[in-house]
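Residue numbers (my numbering): 409 to 486.
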């Protein structure tokens with residue numbers, strides 16, 4: 409399974425390791441993802457989502473139902 413947030417679409421980005429001698433080698437900056445279960449009262453069921461920590465803060469702020477609605481509108485969640 410890929411390391412992509414199911415609500416925001418965040419994924420790894422590419423950058424460089426830079427040494428003191430300014431030598432550059434490619435590296436990846438992974439998304440800060442966690443696997444979390446959420447209860448959706450409208451559907452009366454539990455869902456397990458792989459979400460970024462910033463998406464988790466958004467869920468705490470606006471609620472899981474509103475966050476899922478936004479993600480569906482943007483095409484990140486089925």
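Built from N, CA and C at the ideal position, the CB exists for glycine as well.
Quantities reported herein were computed from a predicted structural model and do not represent experimental measurements.
Legend entry - Residues that DSSP places opposite residue 445 in a beta bridge: 456
Legend entry - Touching by the beta-carbon criterion (3+ pairs, under 8 Å), the stretch 456–467 and the stretch 412–419: yes
Legend entry - Nearest candidate by alpha-carbon position, reference residue 433, set 422, 441, 443, 417: 422
Legend entry - Of the residues 431, 447, 424, the one placed nearest residue 437, counting alpha carbons only: 424
Inset, instruction - Verify whether the separation of the beta carbon atoms of residue 442 and residue 473 is less than 8 Å. - result: no
Legend entry - Cβ-Cβ distance between residue 418 and residue 439 below 8 Å: yes
Legend entry - Beta-carbon separation (whole angstroms), residue 457 vs residue 477, contact threshold 8 Å: No, residue 457 and residue 477 are not in contact; Cβ-Cβ is about 14 Å, not under 8 Å.
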